[in-house]
Amino acid sequence: MLTRLSLAAALLLALPLSAQAAPKTTLAIGMGVEPTGLDPTIAAPVAIREVTWANLFEGLVKLDSSGRVGPLLAKTWEVSADGLVYTFRLQEGVKFHDGTPMTSADVKFSLDRARAPTSTNAQKQIFAPIDAVETPDASTAVVKLKQPSGNFLYFLSWGDAAIVCQKTAETNRATPVGTGPFRFKSWARGDRVELVRSPDYWGAKPALESVTFRFITDPQAQVAALKAGDIDAFPNIGAPELFADLKTDRRFTAVAGNTEGEIVAGMNNAKKPFDDVRVRRALMQAVDRKALVDGAYSGFGQPIGSHFSPNHPAFVDLTSVLPYDPAKAKALLKEAGYGSGLSITIKSPQMAYASRSAELLSAMLAEVGVELKIVPTEFPAKWIEEVFKAKDYDMTIVAHAEPLDIDIYGREGYYFNYRSEPFRALVAEAARTPDEAARFETYRKAQRLLAEDVPALFLFQLPKLGVWNAKLKGLWESTPIPSNDVTGVSWSE
Amino acid sequence: MYVRLRSAASLLRSVLLRLCGLVLTLLAVSAAIFLVIDVLPGDVASVMLGTSAREDTLAALREQLGLDRPAHLRYLAWIGGLLTGDLGQSVTYSSPVATLIAERLAVTAPLAAMSLALVVLIALPLGVAAAASQDGPVDRLIGLFGQIGVAVPNFWIGLLLILAFATGLGWLPAGGFPGWGAGIGAGLRSLVLPAVALALPQAAVLTRIVRTATLDVIGQDFVRTARAKGVPGTVALTRHVVPNALVPIVTILGLQLSFLVAGAVLVENVFNLPGLGRLAYQALAQRDLVVIRSVVLLLAGLVIAVNAAIDLLTLAVDPRLRRSR
């Protein structure tokens, strides 16, 4: 009897002990938008990358949390002196989740598929410089370029350049097969995607055994799910006004980092009065960016003076080039012939950051005698038709979420209708400069040019408001590329 | 006997007539849905490939999706598919639309059924009780519930319920749906709060209808006669008053089902339920026309069918209507 009792007591004591000894190995991670398909090589949405990048799919190279390129499926690489030949030595023993070994043939297949005439790759232009992909042996891939591409390695880190298996490429959208440390388990559409640790991963084994991505659109519901413990981490919560409250809650770690999204109020540069740089500068100087961030995003979000992510090593803070100065703005408007006032419209999409910013802009511009009328639109579908394609707008406001997209101001037919030969020359120079230091210097020049020429009002960087259980370690504070890399995430007890 | 047969035959005839009308209405509705959705500004290829996509890439995707075919061919293909049970492939989810809808119905149908049951369970007793104590304190109190219930939107009730029962007391989940695979109990538990949120405003509306309908009947001679013959108050209410007040109540209840389905879009968002409403909302935002048109047709069909069923039900409830046709 005594022994039985002591045994029971020992069991009772041992239970909490053993529970403590083994840290949790599952993670429930929340996202505001459900991905449409799970293949990053055939569609643009950020949410696809936020599930699959580095977790499920891998590229030849990978970005770290500071935005630097490092090895992944390519162990090492050499670039020829003229910048035209990239020789990649691949990791050995890499297998796709279906058991197929990954070889240089898959590298060739993936890159050729992305640049084929029938390709539906959303970033097809990054593969345009490729002339041919050769496979001298199973673990070497040689990529030959037609012209030097300064950011070629960087682009290869994008989800669009993930290495996929020939056998499964066509079905990756619904049942993705990659080489990453996590493999696809299930997708309950409208609710969750489940990934589990891949038993035969070639690299370091992640601490987590399974990861569930759950999709919760409503910001109030996001917070409720966090507080109820249904979700362990929300890497980017949708409600800045609730974030402040979560920051004071000891159960959570709450960090405001940066996304790759620059929130800019684009102007139709081909249209009067925006064809006059004095008007554009006046509008920029009428904007109090700090007050805008306070009002539109509860004070979270770094003001920007040009179109470049603070996550990028070549970022320069240019908010002081055209600072808030209503008197100067009025003078510039008068000089441009709009001393008696000006009436313009802004097409504002439904996202909270956009509609709130538009309202604040309207109030700020009113101070300098500019009437800004808000016309609601719907993003993405209607906005793409009206603003992006038909260019039927005066001003608009959206976050540009793609990484390293400063070149959009140099693209022919892009919705800003902005034409600056010096800027196009700078972008072209950066694109063909493989030397990193020289390329970064060119990007700094390009940022400065935009800051002075203001083809769009540069407002603030869309922050990444991350909230997660205080015991979680290894989640990224900022994302130099849209992603939720959980390969280094673990529980602390 | 002959009379009964004849009335059965006339009932059958009206059922058949209604079925024909139903099919014709559905066909007209399908054409309207297709047209409206087709002229909607927006292009699924641009939405999927984003703003960096080149024109040739967009064209390649449109061709892959069959969007380059003329509209009338796409309409005929859709209707043809409907008849054979093939609703096509969702562009964004790349899975069969029929499967998607079936998955979502497994959430929305029980949710709507639970709400409807709640609406009746709340409104019927409250409305009758209010009528029975006309202008008394009970009537006033129930009237207050009616006022508040009509004024407050369902998604806000949902938020309050989450705060109270999920975040506060921790009795029920804050949202999400574990799937019926996790057990019927777990599934039902996650539908309780959404069903209550969805039902309360409609119950408030119906309570007022029940009260008015009951009062209309209470004042009539046959009720007074019954009471004079010594039938106790409650028996008179349940046996004589309520059955005779049912026609307007059932009619309104039928209309309310469409409000419940519409309200489900909002409530499913607040509670993060993977239901039909959210599917429709998401597909619309992505311009996944293949999904939207079938979901909208299903909802329209549901409303039409419910209305037809309500018509028949009123025939069954009220023999006078049958005779007059």
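From first to last, the protein sequence lines stand for chains A and B.
Those letters in the first sequence? Residues 14 to 506, by our numbering.
Those letters in the second sequence? Residues -1 to 323, by our numbering.
Beta carbons: idealized from backbone N, C-alpha and C, even for Gly.
Original post:
Of the residues A/V74, A/P114, A/F109, which one's Cα is nearest the Cα of A/Y99?
Top reply: Translated into the one-based positions of the first sequence, residue 99 of chain A becomes position 86. For the residues A/V74, A/P114, A/F109, the minimum Cα distance to A/Y99 belongs to A/V74.
**OP:** Can you have a look at B/A69 and say buried or exposed, based on whether 16 or more other CB atoms are within 10 angstroms of its CB?
**Re:** Position 71 of the second sequence, counted from the first residue, corresponds to residue 69 of chain B. Answer is exposed; the Cβ neighbour count stays below 16.
Original post:
Using the beta-carbon count (16 or more within 10 Å), is A/E384 buried or exposed?
Top reply: Within the first sequence, the letter at position 371 stands for residue 384 of chain A. Exposed.
Original post:
Which same chain residues, not among the five before or five after A/Y428, have their C-beta less than 7 Å away from its C-beta?
Top reply: Counting from one through the first sequence, the residue named residue 428 of chain A turns up at place 415. So the qualifying residues of the chain are G279, V400, F401, K404.
Subject >> Beta carbon proximity, B/L160 to chain A, threshold 7 Å >> reply: Here residue 160 of chain B is taken as the residue at index 162 of the second sequence, counted from 1. According to the sequence displayed, residue 160 of chain B carries Ile and not Leu. Closer than 7 Å: yes.
Subject >> Proximity to B/W154 [Cα-Cα], best of B/L277, B/A262, B/T23, B/D286 >> reply: Walking along the second sequence from the start, residue 154 of chain B turns up at place 156. When each option's Cα is compared against that of B/W154, the closest is B/A262.
Original post:
For B/A201, which residues of its own chain have a beta-carbon under 7 Å away from its beta-carbon, when the five flanking residues on both sides are left out?
Top reply: As a first step, residue 201 of chain B must be located in the second sequence, where it is residue number 203. Excluding sequence neighbours, B/A201 sits near L116, V117, I120, A121, G147.
Original post:
Is it right to say B/I182 is buried, meaning 16 or more other beta carbons lie within 10 angstroms of its own, or is it exposed?
Top reply: Taking the second sequence and counting its residues from 1, the one referred to as residue 182 of chain B is at position 184. By the 16-neighbour rule on beta-carbons within 10 angstroms, B/I182 is exposed.
**OP:** Measure the C-alpha to C-alpha separation of B/L310 and A/T261 and round it to an integer number of angstroms.
**Re:** Numbered from 1 along the second sequence, position 312 holds the residue referred to as residue 310 of chain B. Numbered from 1 along the first sequence, position 248 holds the residue referred to as residue 261 of chain A. Cα-Cα distance, rounded: 59 Å.
Original post:
chain D partners of A/S132, CB-CB under 8 Å?
Top reply: This model lacks chain D altogether, as its protein chains are A and B.
**OP:** Please report how far the alpha carbon of A/I61 lies from the alpha carbon of A/V467, in whole angstroms.
**Re:** Here the question's residue 61 of chain A lines up with position 48 in the first sequence. Here the question's residue 467 of chain A lines up with position 454 in the first sequence. Straight-line Cα distance between these residues: approximately 32 Å.
**OP:** Measure the beta-carbon distance from B/L196 to B/S113 and round it to whole angstroms, keeping in mind my assumption that it falls under 8 Å.
**Re:** Translated into the one-based positions of the second sequence, residue 196 of chain B becomes position 198. Translated into the one-based positions of the second sequence, residue 113 of chain B becomes position 115. A Cβ-Cβ distance of about 4 Å is found for the pair B/L196 and B/S113, placing them in contact under the 8 Å criterion.
**OP:** Kindly indicate if chain B contains any beta-carbon less than 7 Å away from that of A/P248.
**Re:** Taking the first sequence and counting its residues from 1, the one referred to as residue 248 of chain A is at position 235. Chain B, which has no Cβ nearer than 7 Å to the Cβ of A/P248, makes this no.
Original post:
Apart from the five residues on each side of it in sequence, which residues of its chain come closer than 6 Å, Cβ to Cβ, to B/Q326?
Top reply: Not covered by the structure: residue 326 of chain B. The range shown for chain B is -1 to 323.
Original post:
How would you write the range of the alpha helix (DSSP H) that A/D119 sits in, first residue to last?
Top reply: Here the question's residue 119 of chain A lines up with position 106 in the first sequence. Residues 117 to 128.
Original post:
How would you write the range of the beta strand (DSSP E) that B/T236 sits in, first residue to last?
Top reply: Residue numbering aside, residue 236 of chain B sits at position 238 when the second sequence is read from its first letter. Looking at the DSSP string, B/T236 is not in any beta strand (DSSP E), and its letter there is neither H nor E.
**OP:** Would you kindly work out how many angstroms separate the C-alpha atoms of B/A51 and B/A58, rounded to a whole number?
**Re:** By one-based count along the second sequence, residue 51 of chain B stands at place 53. By one-based count along the second sequence, residue 58 of chain B stands at place 60. Answer to the nearest angstrom: the Cα atoms are 11 Å apart.
Original post:
The beta strand (DSSP E) with A/V236 in it runs from where to where?
Top reply: Position 223 of the first sequence, counted from the start, is the residue given in the question as residue 236 of chain A. A/V236: not part of any beta strand (DSSP E); member of the alpha helix (DSSP H) spanning 232 to 240, first to last residue.
Original post:
Buried or exposed: B/V233, going by 16 or more other Cβ atoms within 10 Å of its Cβ?
Top reply: Residue 233 of chain B sits at position 235 when you count from the first residue of the second sequence. Its Cβ having fewer than 16 others within 10 Å, B/V233 is exposed.
**OP:** Establish whether the CB of A/G50 and some CB of chain B are separated by less than 7 Å.
**Re:** For this step, residue 50 of chain A is matched to residue 37 along the first sequence. For A/G50, the answer is yes, since a Cβ of chain B falls inside 7 Å of its Cβ.
Original post:
Cα separation between A/G274 and A/V46?
Top reply: Counting from 1 along the first sequence, the entry for residue 274 of chain A is found at position 261. Counting from 1 along the first sequence, the entry for residue 46 of chain A is found at position 33. For A/G274 and A/V46, the distance between alpha carbons rounds to 16 Å.
Original post:
Hey, how far is the Cα of A/S368 from the Cα of A/R437?
Top reply: Start at 1 with the first residue of the first sequence, and residue 368 of chain A comes out as number 355. Start at 1 with the first residue of the first sequence, and residue 437 of chain A comes out as number 424. Answer to the nearest angstrom: the Cα atoms are 31 Å apart.
Original post:
For A/A141, which residues of its own chain have a beta-carbon under 6 Å away from its beta-carbon, when the five flanking residues on both sides are left out?
Top reply: Position 128 of the first sequence, counted from the start, is the residue given in the question as residue 141 of chain A. None.
Subject >> Distance CB(A/L239)-CB(A/T38) smaller than 7 Å >> reply: What you label residue 239 of chain A is simply residue 226 of the first sequence in a count that begins at 1. What you label residue 38 of chain A is simply residue 25 of the first sequence in a count that begins at 1. Going by C-beta atoms, A/L239 is not nearer than 7 Å to A/T38.
Subject >> Residue from A/V268, A/W481, A/K198, A/I139 with nearest C-alpha to A/A174 >> reply: On the first sequence, residue 174 of chain A is found 161 positions in, with the first residue counted as 1. A/A174 has its Cα closest to that of A/I139, out of A/V268, A/W481, A/K198, A/I139.
Subject >> Burial state of A/F247 (16 or more Cβ within 10 Å) >> reply: The sequence position of residue 247 of chain A within the first sequence is 234, counting from 1. Counting Cβ neighbours within 10 Å, A/F247 comes out buried, since at least 16 surround it.
**OP:** Alpha carbon to alpha carbon, how far is A/G50 from B/V95? Give it in angstroms, no decimals.
**Re:** Along the second sequence, one-based indexing puts residue 95 of chain B at 97. Along the first sequence, one-based indexing puts residue 50 of chain A at 37. Roughly 14 Å separates the two Cα atoms.
Original post:
Between the stretch 220 to 247 of chain A and chain B, which residues of the former have a C-beta closer than 8 Å to a C-beta of the latter?
Top reply: With the criterion set as a beta carbon lying under 8 Å from some beta carbon of chain B, the members of the stretch 220 to 247 of chain A are R227, F228, I229, T230, D231, Q233, A234, A237, A238, K240, A241, D243, in sequence order.
Original post:
Counting contacts by CB-CB distance shorter than 7 Å, is B/A26 in contact with chain A?
Top reply: The residue given as residue 26 of chain B occupies position 28 in the second sequence. Taking Cβ atoms only, chain A never reaches closer than 7 Å to B/A26, which makes this a no.
Original post:
Shortest alpha-carbon distance to A/D81 belongs to which of A/S505, A/S152, A/I494, A/S503?
Top reply: The residue given as residue 81 of chain A occupies position 68 in the first sequence. According to the sequence displayed, residue 81 of chain A carries Arg and not Asp. Among A/S505, A/S152, A/I494, A/S503, the Cα nearest to that of A/R81 is on A/I494.
Original post:
Could you check where the alpha helix (DSSP H) with A/T39 kicks off and where it finishes?
Top reply: Residue mapping note: residue 39 of chain A aligns to position 26 of the first sequence, counting from 1. From DSSP, A/T39 is part of no alpha helix (DSSP H) but of the beta strand (DSSP E) over 39 to 44.
Subject >> Within chain A, partners of B/P108 - CB distance below 7 Å >> reply: As a working mapping, residue 108 of chain B is identified with position 110 in the second sequence. Those do not exist, as B/P108 stays about 15 Å from chain A at its closest Cβ, beyond 7 Å.
Original post:
Would DSSP call A/S199 helix, strand or coil?
Top reply: Start at 1 with the first residue of the first sequence, and residue 199 of chain A comes out as number 186. It is a strand residue.
Subject >> Test item: CB-CB of A/N282 and A/D407 under 7 Å >> reply: For the purposes of this step, residue 282 of chain A is taken as residue 269 along the first sequence, with counting starting at 1. For the purposes of this step, residue 407 of chain A is taken as residue 394 along the first sequence, with counting starting at 1. Result no, Cβ atoms of A/N282 and A/D407 do not sit closer than 7 Å.
Subject >> Any C-beta of chain A under 7 Å from that of B/N270 >> reply: The residue you call residue 270 of chain B lines up with position 272 of the second sequence. Answer yes: the Cβ-Cβ gap between B/N270 and chain A drops below 7 Å somewhere.
Subject >> Cross-chain neighbours of A/G112 in chain B, by beta carbon under 7 Å >> reply: Taking the first sequence and counting its residues from 1, one reaches residue 112 of chain A at position 99. What A/G112 touches in chain B: nothing, since even the nearest Cβ is about 24 Å away.
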